[in-house]
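When the sequence shown is numbered by the UniProt record's numbering, its final residue is 551 and no position is left out of the sequence of numbers.
Just so it is clear, CB atoms sit at the ideal spot from N, CA and C, and this is done for glycine as well.
Note that the structure is predicted; figures quoted are calculated from it, not measured.
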Amino acid sequence: MPTFYPTYLRERFTNRARELALLEGVAEDLRRGQPRHVALFGLRRIGKTLLCQEQVIRLLVRGDIIPVYLDMEELCTAPEPFAQRYIGLTCFWALAGGEAPVDPYLTVERLLETEVVKVPLVVRTAGAVSRELGRSKPDYGLLLKLAFDFPDQLGQTLGRPLMCFLDEFPELSSLGNFPGVGDPLKHFRASLQQQSQVSYVITGSAIAVMERLVRDHESPLFLQFRTLQLRPFTREDGRELVEKLIGPLAPAAHAAIYTYTFGHPFYVTALAARLRELAPAGPEAVDVQQVQQAFLLEALSGQGQIYSYCRYLYDISLQKARGYGLLKALLQVLAEEEGLRLSEVARRLRRQAPATREYLRWLMEVDLVTEEDGRYYYRDPVLRFWVAYTSRGIEVDAFPRREDLEGLVADLTERFERVATQLGRARESEVRELLRNLAGQTVDGALLGQAGTFHIPAFTRIEPYRSPDGRIEVDALGEDGERWIIEVKWRKKRVGRGELGQLIERAKQVQARPWCISQAGFTSEATAYAADHGILISDANDLAALERAAS
Numbered sequence: 001m002p003t004f005y006p007t008y009l010r011e012r013f014t015n016r017a018r019e020l021a022l023l024e025g026v027a028e029d030l031r032r033g034q035p036r037h038v039a040l041f042g043l044r045r046i047g048k049t050l051l052c053q054e055q056v057i058r059l060l061v062r063g064d065i066i067p068v069y070l071d072m073e074e075l076c077t078a079p080e081p082f083a084q085r086y087i088g089l090t091c092f093w094a095l096a097g098g099e100a101p102v103d104p105y106l107t108v109e110r111l112l113e114t115e116v117v118k119v120p121l122v123v124r125t126a127g128a129v130s131r132e133l134g135r136s137k138p139d140y141g142l143l144l145k146l147a148f149d150f151p152d153q154l155g156q157t158l159g160r161p162l163m164c165f166l167d168e169f170p171e172l173s174s175l176g177n178f179p180g181v182g183d184p185l186k187h188f189r190a191s192l193q194q195q196s197q198v199s200y201v202i203t204g205s206a207i208a209v210m211e212r213l214v215r216d217h218e219s220p221l222f223l224q225f226r227t228l229q230l231r232p233f234t235r236e237d238g239r240e241l242v243e244k245l246i247g248p249l250a251p252a253a254h255a256a257i258y259t260y261t262f263g264h265p266f267y268v269t270a271l272a273a274r275l276r277e278l279a280p281a282g283p284e285a286v287d288v289q290q291v292q293q294a295f296l297l298e299a300l301s302g303q304g305q306i307y308s309y310c311r312y313l314y315d316i317s318l319q320k321a322r323g324y325g326l327l328k329a330l331l332q333v334l335a336e337e338e339g340l341r342l343s344e345v346a347r348r349l350r351r352q353a354p355a356t357r358e359y360l361r362w363l364m365e366v367d368l369v370t371e372e373d374g375r376y377y378y379r380d381p382v383l384r385f386w387v388a389y390t391s392r393g394i395e396v397d398a399f400p401r402r403e404d405l406e407g408l409v410a411d412l413t414e415r416f417e418r419v420a421t422q423l424g425r426a427r428e429s430e431v432r433e434l435l436r437n438l439a440g441q442t443v444d445g446a447l448l449g450q451a452g453t454f455h456i457p458a459f460t461r462i463e464p465y466r467s468p469d470g471r472i473e474v475d476a477l478g479e480d481g482e483r484w485i486i487e488v489k490w491r492k493k494r495v496g497r498g499e500l501g502q503l504i505e506r507a508k509q510v511q512a513r514p515w516c517i518s519q520a521g522f523t524s525e526a527t528a529y530a531a532d533h534g535i536l537i538s539d540a541n542d543l544a545a546l547e548r549a550a551s
């Protein structure tokens, strides 16, 4: 279906094997009559919609489950059109295979002019909606109930279950602004809890909002959904996408692309398109300097896709905010130096800590900023780079002078080296969470540098550790009868034998088993040393595999 999922997008689709496997597991449970539901969230333009489109196509090919894709951002304008479109577009997918002209399915009057009138359930439901719309004051609660109940009823009628993909699901809450609606999420939950023929996959770009929807005990959807966060690509996935877009590059060029995009698919795609323009001789000729130039043109030139995206993200996040000027100042502070504590941010803004906390909380709410261990960071490092420059009026022309670029390239390299260090701190927090999720599991020992299978202890406590005298500090200490200390080296340089020697000395002092995680891997001497001394070791690929095992 070229309109819903254009061929060029499907040709670009890269990996996401873990996420597709999870969705297929949900589909398999649905086939057995045990529906489960998934909340998929991640940064904007990270590939959530593309993942849903890929799964929709796979379900269509198999044919035993009916996929339904609904863009809630388009549907949630008012209760009257919402109910009609929710029902009509469910028919569009279930009865027309998502391939007929869509307009006849957008109102109940036109819906009854299509082939779906052969299904009595559709006629009854459309009639009930039409009668309610004919009243001077429609019962919005009834309209929502008719809409939310319909997919399950249709699945029972057709004898085939439905998998409904509700893109940008948080938009549903906007219907609560209409008198008499109440909380739309409560209406949705009431229907969901009675259904046996539908699995829901809800998505959202507002990560903080999505987390609150499914994890906050006060939310109507608390414990109703399994969460699945879509992360940026690994180096290998990023390389695969680049090669699909422009062909094979030199290893150094691939490494530079990953450094400046952090594996975000949109940034990778934009940078690859710019490189195609800068390297007419072919991809093999692309070098690190051209990657740097391409990134600067994309991020700091008004004609760049990355520039336009960052401008959009910045404006849409702040447009409804109170204290717009102070929020901009706060973002500028964090653009220059991340990892600040509340007191440090307040001091730089010359504001009281309570007021500063409220501003930070608002920026976290709109996903510009995140908090890790009491320190504040940009959620998107590329946006941070853009704010740091554009807030000082620094932009580049479409055809900049060489000397202008040289100064920017030097600063670019320094900034992204600092960001890599700060991302390492964020990764430390993720590793601690990973250990909690792996508690008691048996995994492939090779992922920790061990032979055979390996049992992960069910640690009762996993926290950063600093000895009372301050001499020993590690990224994590896990305790449960036995003890582990974990050190994360998230940088481009491989870990050597000397660093492992220092780690094992710290491990002896706290009587713990050492585990070293290195983004770039280990030297051959370090690998041999780890084997001789019982040190657990994992590189970035091992860590990604452990994360898949934990999901």
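Check: Got a sec? Which residues, its chain only, sit under 8 Å from LYS244 by beta carbon, not counting five neighbours each side?
Finding: Listed in chain order, the non-local C-beta contacts of LYS244 below 8 Å within the same chain comprise GLU11, ARG12 and THR14, local neighbours out to five positions each way being set aside.
Margin query: Can you look up PRO457 in the DSSP assignment and give me helix, strand or coil?
Written below: Residue state, collapsed to three classes: coil.
Margin query: Please report the straight-line C-alpha distance between ILE46 and ALA545, rounded to a whole angstrom.
Written below: 20 Å
Margin query: With H, G and I counted as helix, E and B as strand and the rest as coil, what does DSSP make of SER391?
Written below: Collapsing the DSSP output to three states places SER391 in coil.
Item checked: For ASP167, the nearest candidate out of LEU70, GLU115 and THR234 (CA to CA) -> LEU70
Next item on the list: State the Cα-Cα distance for the pair THR107 and LYS48, rounded to the nearest angstrom.
Entry: 28 Å
Notebook entry, point to check: In or out: ALA17 buried (at least 16 other Cβ within 10 Å) or exposed?
Noted result: exposed
Margin query: Just to confirm the assignment: which complete beta strand (DSSP E) runs, minimum length 3, are found wholly within the stretch 156 to 211?
Written below: The qualifying runs are 162 to 167 and 198 to 204.
Notebook entry, point to check: Going by alpha carbons, who is nearest to GLU395 out of GLU428, ARG341, GLN319 and ILE306?
Noted result: ILE306
Check: Rounded to the nearest angstrom, how far is the Cβ of TYR258 from that of ARG235, given a contact under 8 Å?
Finding: 5 Å
Check: Would you call LYS493 buried or exposed, if buried means 16 or more other Cβ atoms sit within 10 Å of its Cβ?
Finding: exposed
Next item on the list: Determine, using beta-carbon pairs with one atom in the stretch 190 to 207 and one in the stretch 237 to 251, whether at least three such pairs fall under 8 Å.
Entry: no
Margin query: Residues in the same chain with beta-carbon distance under 7 Å from ASP367, minus the five sequence neighbours each way, listed in chain order, please.
Written below: ALA206, ILE207, ALA208 and ARG379
Check: If LEU40 sits next to LEU185, beta carbons under 8 Å apart, how far is it from one beta carbon to the other, in whole angstroms?
Finding: That pair is no contact at about 17 Å.
Margin query: Taking the straight line between their C-alpha atoms, what separation do you get for ARG189 and GLU337?
Written below: Taking the Cα positions, ARG189 is about 43 Å away from GLU337.
Check: DSSP state of GLN441, grouped into three classes?
Finding: coil
Notebook entry, point to check: Quick one: any contact between the stretch 117 to 130 and the stretch 25 to 44, if contact means 3 or more CB pairs under 8 Å?
Noted result: no
Next item on the list: Examine the Cβ distances between the stretch 334 to 348 and the stretch 429 to 440 and report whether three or more of them are shorter than 8 Å.
Entry: Verdict: no, contact absent.
Notebook entry, point to check: Which residue comes first and which comes last in the alpha helix (DSSP H) that contains residue 557?
Noted result: Here the chain covers residues 1 to 551 and nothing more, so residue 557 does not appear.
Notebook entry, point to check: Does the stretch 286 to 302 come within contact of the stretch 343 to 359, defined as at least 3 CB pairs closer than 8 Å?
Noted result: no
Next item on the list: Report the rounded CA-to-CA distance for PHE148 versus ASP287, giving the unit in angstroms.
Entry: Using only the alpha carbons, I get a separation of about 54 Å.
Check: Going straight from the alpha carbon of LEU313 to that of TYR324, what length do you get?
Finding: Whole-angstrom Cα-Cα distance: 15 Å.
Notebook entry, point to check: What's the C-alpha gap between TYR465 and ARG483?
Noted result: 12 Å
Next item on the list: In angstroms with no decimal places, state the Cα-to-Cα distance between GLN195 and SER136.
Entry: 31 Å
Check: Do you know offhand how far VAL333's Cα is from GLU505's?
Finding: 39 Å
Check: Any contact of the stretch 23 to 30 with the stretch 213 to 225, i.e. 3+ C-beta pairs under 8 Å?
Finding: At 8 Å Cβ cutoff, the stretches do not touch.
Next item on the list: Can you say whether VAL387 is buried or exposed, counting buried as having 16 or more other CB atoms within 10 angstroms of its CB?
Entry: buried
Check: Since LYS489 contacts GLN519 with CB under 8 Å, what's their CB separation in whole angstroms?
Finding: That pair is a contact at about 7 Å.
Notebook entry, point to check: Among all the DSSP beta bridges, which residues are the ones paired with PRO514?
Noted result: ILE485
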